[in-house]
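**Student:** Heads up: the protein sequence lines correspond to chains A and B, in order. Mapping to our numbering: the first sequence position 264 is 266, numbers consecutive. Mapping to our numbering: the second sequence position 368 is 369, numbers consecutive. Glycine is no exception: its CB is placed at the ideal position from the N, C-alpha and C atoms. Only a predicted model underlies this, so the values are computations on that prediction, with no experimental measurement involved.
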Amino acid sequence: MTTVALKPATMAQALTRALRDAMAADPAVHVMGEDVGALGGVFRVTDGLAEEFGEDRCTDTPLAEAGILGTAVGMAMYGLRPVVEMQFDAFAYPAFEQLISHVARMRNRTRGAMPLPITIRVPYGGGIGGVEHHSDSSEAYYMATPGLHVVTPATVADAYGLLRAAIASDDPVVFLEPKRLYWSKDSWNPEDPGPVEPIGRAVVRRPGRSATLITYGPSVPVCLEAAEAARAEGWDLEVVDLRSLVPFDDDTVAASVRRTGRAVVVHESGGFGGPGGEIAARVTERCFHYLQAPVLRVAGFDIPYPPPMLERHHLPGVDRILDAVERLQWEAES
Amino acid sequence: MTVMEQRGAYRPTPPPAWQPRTDPAPLLPDSRPYRVLGTETAAQADPTLLRRLYAELVRGRRYNAQATALTKQGRLAVYPSSTGQEACEVAAALVLEERDWLFPSYRDTLAAVARGLDPVQALTLLRGDWHTGYDPHEHRVAPLCTPLATQLPHAVGLAHAARLKGDDVVALALVGDGGTSEGDFHEALNFAAVWQAPVVFLVQNNGFAISVPLAKQTAAPSLAHKAVGYGMPGRLVDGNDAAAVHEVLGDAVAHARAGGGPTLVEAVTYRIDAHTNADDATRYRGDAEVETWRAHDPIALLEHELTERGLLDEDGIQAARDAAEAMAADLRERMNQDPELDPMDLFAHVYAEPTPQLREQQDRLRAELEAGAEADADADAEGTGR
Ligand SMILES: Cc1ncc(C[n+]2csc(CCOP(=O)(O)OP(=O)(O)O)c2C)c(N)n1
Ligand SMILES: [Mg+2]
Chain A
3 MTTVALKPAT
13 MAQALTRALR
23 DAMAADPAVH
33 VMGEDVGALG
43 GVFRVTDGLA
53 EEFGEDRCTD
63 TPLAEAGILG
73 TAVGMAMYGL
83 RPVVEMQFDA
93 FAYPAFEQLI
103 SHVARMRNRT
113 RGAMPLPITI
123 RVPYGGGIGG
133 VEHHSDSSEA
143 YYMATPGLHV
153 VTPATVADAY
163 GLLRAAIASD
173 DPVVFLEPKR
183 LYWSKDSWNP
193 EDPGPVEPIG
203 RAVVRRPGRS
213 ATLITYGPSV
223 PVCLEAAEAA
233 RAEGWDLEVV
243 DLRSLVPFDD
253 DTVAASVRRT
263 GRAVVVHESG
273 GFGGPGGEIA
283 ARVTERCFHY
293 LQAPVLRVAG
303 FDIPYPPPML
313 ERHHLPGVDR
323 ILDAVERLQW
333 EAES
Chain B
2 MTVMEQRGAY
12 RPTPPPAWQP
22 RTDPAPLLPD
32 SRPYRVLGTE
42 TAAQADPTLL
52 RRLYAELVRG
62 RRYNAQATAL
72 TKQGRLAVYP
82 SSTGQEACEV
92 AAALVLEERD
102 WLFPSYRDTL
112 AAVARGLDPV
122 QALTLLRGDW
132 HTGYDPHEHR
142 VAPLCTPLAT
152 QLPHAVGLAH
162 AARLKGDDVV
172 ALALVGDGGT
182 SEGDFHEALN
192 FAAVWQAPVV
202 FLVQNNGFAI
212 SVPLAKQTAA
222 PSLAHKAVGY
232 GMPGRLVDGN
242 DAAAVHEVLG
252 DAVAHARAGG
262 GPTLVEAVTY
272 RIDAHTNADD
282 ATRYRGDAEV
292 ETWRAHDPIA
302 LLEHELTERG
312 LLDEDGIQAA
322 RDAAEAMAAD
332 LRERMNQDPE
342 LDPMDLFAHV
352 YAEPTPQLRE
362 QQDRLRAELE
372 AGAEADADAD
382 AEGTGR
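#1: Do three or more CB pairs link the segment 189-196 of chain B to the segment 215-223 of chain B at distances below 8 Å?
#2: Against chain B, does Met25 of chain A count as a neighbour if the rule is that its beta carbon must be under 8 Å from one of theirs?
#3: Within the segment 9-41 of chain B, note down every full alpha helix (DSSP H) run reaching 4 residues or more, in order along the chain.
#4: What does the Cβ neighbour count give for Phe202 of chain B, buried or exposed, with the cut at 16 atoms within 10 Å?
#5: If I measure Cβ to Cβ from Ser186 of chain A and keep anything under 8 Å in the same chain, skipping five residues before and after, which residues do I get?
#6: I need the straight-line Cα distance from Arg59 of chain A to His32 of chain A, nearest angstrom please.
#7: Within 10 Å of its beta-carbon, does Asp138 of chain A have 16 or more other beta-carbons around it, so buried, or fewer, so exposed?
#8: Show which residues of chain B have a CB atom less than 7 Å away from the CB atom of Ser103 of chain A.
#9: Taking the alpha helix (DSSP H) that Tyr143 of chain A belongs to, which residues open and close that run?
#10: What residues does ligand 2 have around it, judged by CB closer than 6 Å to any heavy atom, in chain order?
#11: So the alpha helix (DSSP H) His256 of chain B belongs to, where does it begin and stop?
#12: Starting from the beta carbon of Gln358 of chain B, find every residue of chain A whose beta carbon is closer than 8 Å, and list them in chain order.
#13: Grab the span of the alpha helix (DSSP H) containing Asn65 of chain B for me, first residue to last.
#14: Which of the three DSSP states is assigned to Ala204 of chain A in this structure?
#15: Could you confirm whether any beta carbon from chain A is found closer than 8 Å to the beta carbon of Asp119 of chain B?
#16: Take Gly232 of chain B as the anchor and find which of B:Trp19, B:Thr23, B:Gln7 has the nearest alpha-carbon.
#17: Report yes or no: is there a C-beta of chain A within less than 8 Å of the C-beta of Tyr231 of chain B?
#18: Around the C-beta of Arg33 of chain B, are 16 or more other C-beta atoms found within 10 angstroms, so that it is buried, or is it exposed?
#19: Give the straight-line distance between the Cα atoms of Asp119 of chain B and Leu126 of chain B, rounded to the nearest whole angstrom.
#20: Tell me, please, whether the CB atom of Gly72 of chain A is closer than 8 Å to any CB atom in chain B?
#21: On the three-state DSSP scale, how would you describe Met345 of chain B?
#22: Does the segment 53-64 of chain B come into contact with the segment 273-287 of chain B, if we say contact requires no fewer than three beta-carbon pairs (one atom in each stretch) closer than 8 Å?
#23: May I ask you to check if the CB of Gln205 of chain B is nearer than 7 Å to at least one heavy atom of ligand 1?
#24: Where does Thr5 of chain A fall in DSSP's three states?
#25: If I follow the unbroken beta strand (DSSP E) through Val158 of chain A, where does it start and stop?
#26: Secondary structure at Gln86 of chain B, three-state DSSP: helix, strand or coil?
#27: For chain B, check one thing: does any of its Cβ atoms lie closer than 8 Å to the Cβ of Met116 of chain A?
#28: Are the Cβ atoms of Glu99 of chain A and Pro263 of chain B separated by less than 8 Å?
#29: Sort out for me which residues DSSP pairs Asn191 of chain A with in a bridge.
#30: Can you list, in chain order, the residues of the segment 288-319 of chain A whose Cβ is nearer than 7 Å to any Cβ on chain B?
#31: Going by CA-CA distance only, name the one from B:Asn278, B:Pro214, B:Leu173 that's closest to Ser83 of chain B.
#32: With DSSP run on the structure shown, which of helix, strand or coil describes Gly373 of chain B?
#33: Glu240 of chain A by DSSP, collapsed to three states: which one?
#34: Does Thr5 of chain A have its Cβ less than 8 Å from a Cβ in chain B?
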């Protein structure tokens with residue numbers, strides 16, 4: 003018996019592997035977008051796919067996001083499974099008309115006769131020193147659009163498992179890739195990449211008893227770091243990685259908050275009208291009698307994404323998370 | 002090294018060789034809309050086809066009238082009539098093979114019906130029933146599309162996918178003159194040409210986008226000229242001449258099927274009715290203009306041609322009218338029955354599987370409806386008790 007040693011791999015590599023495996027498993031899977039061919043995408047996530055599967059399966063499209071998604075709709079109508087790459091979060095906006103008016107609605111419009119199995123990969127979030135239009139967290143827009151699934155991985159293994167699940171889904175999935183984590187490494191065995199994760203399940207990344215940090219994507223490692231730092235203050239924080247914003251895993255989240263009695267939602271997206279408001283409301287509706295303090299939010303400020311030289315002030319960091327934890331009315335405890 | 006540093010050694014060189022990417026000349030549309038009826042070419046048109054077109058135009062006119070009447074009776078929420086545009090609607094349907102796909106807009110229910118769709122199913126959206134009253138795969142008719150021009154990239158993608166799969170399927174997409182100003186029109190034509198997708202774009206230039214005339218929409222020589230910028234042929238045709246539209250679209254479909262890529266066809270026609278039943282066209286156009294177009298009516302044009310050539314007599318005309326009347330009577334009768342909608346369907350098709358959140362909401366609505374039904378039953382019981 004041979005044991006394959008776990009090797010460090012990056013999230014970007016796991017995503018590439020997921021695309022490759024999906025394309026090999028199903029000839030209906032087509033990758034399309036800007037610079038996804040010879041270049042392998044600006045983040046190299048589609049590296050080698052055009053070479054291996056040909057340009058008809060991994061296609062450099064004309065530079066037009068609405069056209070990319072709009073033609074993907076037609077391809078899906080004919081039975082293909084397009085995987086669309088949006089080059090950056092803020093450059094997905096031209097495609098919103100197609101996304102909202104057609105991608106999200108076609109199944110419902112046709113009473114199930116015309117599902118659209120399209121995966122829309124969107125690198126998102128800040129912390130990479132990107133100049134304007136390269137660091138948006140646009141998940142609230144996607145979450146507010148019924149008919150879309152919205153998924154975001156925080157670990158290398160989830161990047162693989164969730165992307166495979168997204169491509170296998172018969173519904174459209176907005177797959178948000180935290181670009182800050184593209185180069186993060188984890189022990190991961192590409193020969194045994196792990197389970198295809200069902201979409202819609204959150205996971206407890208770190209068990210704890212004092213309070214729950216509810217988070218996703220790029221903020222998961224920040225919350226884990228905060229949880230480590232909190233030990234010095236005597237707090238044992240639980241970290242829930244949502245993985246899927248739509249559908250939302252109320253059960254896992256509520257079970258955690260009922261155990262800990264306190265919750266902070268953490269994300270980069272702005273707080274006002276952001277995912278945290280929805281999550282806080284859901285937690286309160288389900289856990290009111292267990293809560294020792296109001297559910298707090300640590301979010302990006304309600305400002306257009308700042309210039310990179312100032313982004314560290316904007317992004318939720320360990321200190322801001324610990325400040326929020328401190329405000330969870332511990333005095334009532336003693 | 003800068004020019005200064007080369008001290009006189011620099012020689013200006015011509016730019017690297019440049020050539021036009023395509024010869025624009027064959028892509029240019031005719032200088033005036035192509036016509037068949039009333040010209041010498043008409044003699045070559047297939048009599049069987051002309052008779053078929055005639056019967057469909059008569060049926061189409063009657064369908065438009067019936068649907069308009071149904072709005073007045075409150076049976077349709079809204080109806081965008083294609084009266085005056087029947088030649089385009091019918092020809093678009095007839096040039097396609099069964100395996101081909103039609104991509105209609107809200108104004109094109111007639112094209113869908115001419116392709117074989119049940120008129121009641123075609124009108125489901127417009128009566129306020131479910132958004133699409135038919136399975137698009139059944140007649141290969143995409144859902145009626147309301148956001149302008151957004152159906153065009155779908156047609157391109159579908160045609161492209163078919164070609165990748167090795168199927169000789171053509172997609173024909175319909176759009177209005179106003180829709181050509183939308184970004185999706187541009188992106189769709191560009192993708193189609195780059196991919197050489199087997200797709201035909203039919204622009205029905207009916208003079209108006211609701212109230213706005215074409216002059217405020219574009220400064221292009223014609224809408225057909227726009228094709229040249231994308232590297233595809235543009236064709237200009239008299240949209241009220243059913244034989245001409247059929248020929249031009251037929252050629253474009255054959256060209257696409259043979260691997261020749263997309264074509265943009267502009268059919269010059271006129272919207273005889275208001276934009277919809279809710280519109281008041283007197284606010285933006287005069288009767289005189291409408292009358293000049295009524296004089297160039299698609300049915301009259303074809304009827305004249307057929308009767309002149311002895312291909313149609315009074316009996317033939319009556320037969321076409323009778324068939325149209327029968328269709329209208331059946332449509333009227335079936336549209337006068339109230340459709341049954343199940344409120345639970347609101348949640349059934351948002352996703353393949355309803356999310357837990359949607360299940361909760363579905364349960365809540367079900368409980369509301371049951372409580373409502375109980376309350377009604379109690380009220381009834383009280384009413385009879387008294
Ligand atoms: C994106 C979008 N903007 C606005 C509208 C509202 N609208 C419906 S029809 C119409 C005019 C369209 O004119 P045209 O493309 O010429 O088609 P026609 O109605 O004449 O057939 C407008 C503005 C719409 N349906 N979609
Ligand atoms: Mg118009």
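**Tutor:** A quick look at the data gives this:
#1: no
#2: no
#3: none
#4: buried
#5: Thr12, Met13, Val158, Pro223
#6: 5 Å
#7: buried
#8: Pro148, Thr151
#9: 141-145
#10: B:Gly177, B:Asp178, B:Gly179, B:Asn207, B:Phe209, B:Ala210
#11: 243-258
#12: Pro249, Phe250, Asp252
#13: 48-73
#14: coil
#15: no
#16: B:Thr23
#17: no
#18: exposed
#19: 13 Å
#20: yes
#21: coil
#22: no
#23: yes
#24: Below a pLDDT of 50, predicted positions are generally treated as unreliable, and Thr5 of chain A, at 48, falls in that range; no measurement from the model is reported.
#25: That residue, Val158 of chain A, is in no beta strand (DSSP E); its alpha helix (DSSP H) goes 158-170.
#26: coil
#27: yes
#28: no
#29: None, per the DSSP bridge assignment.
#30: none
#31: B:Asn278
#32: helix
#33: strand
#34: Here the model assigns Thr5 of chain A a pLDDT of 48, short of 50, so the residue's position is not dependable, and the following value carries that caveat. Taking Cβ atoms only, chain B never reaches closer than 8 Å to Thr5 of chain A, which makes this a no.
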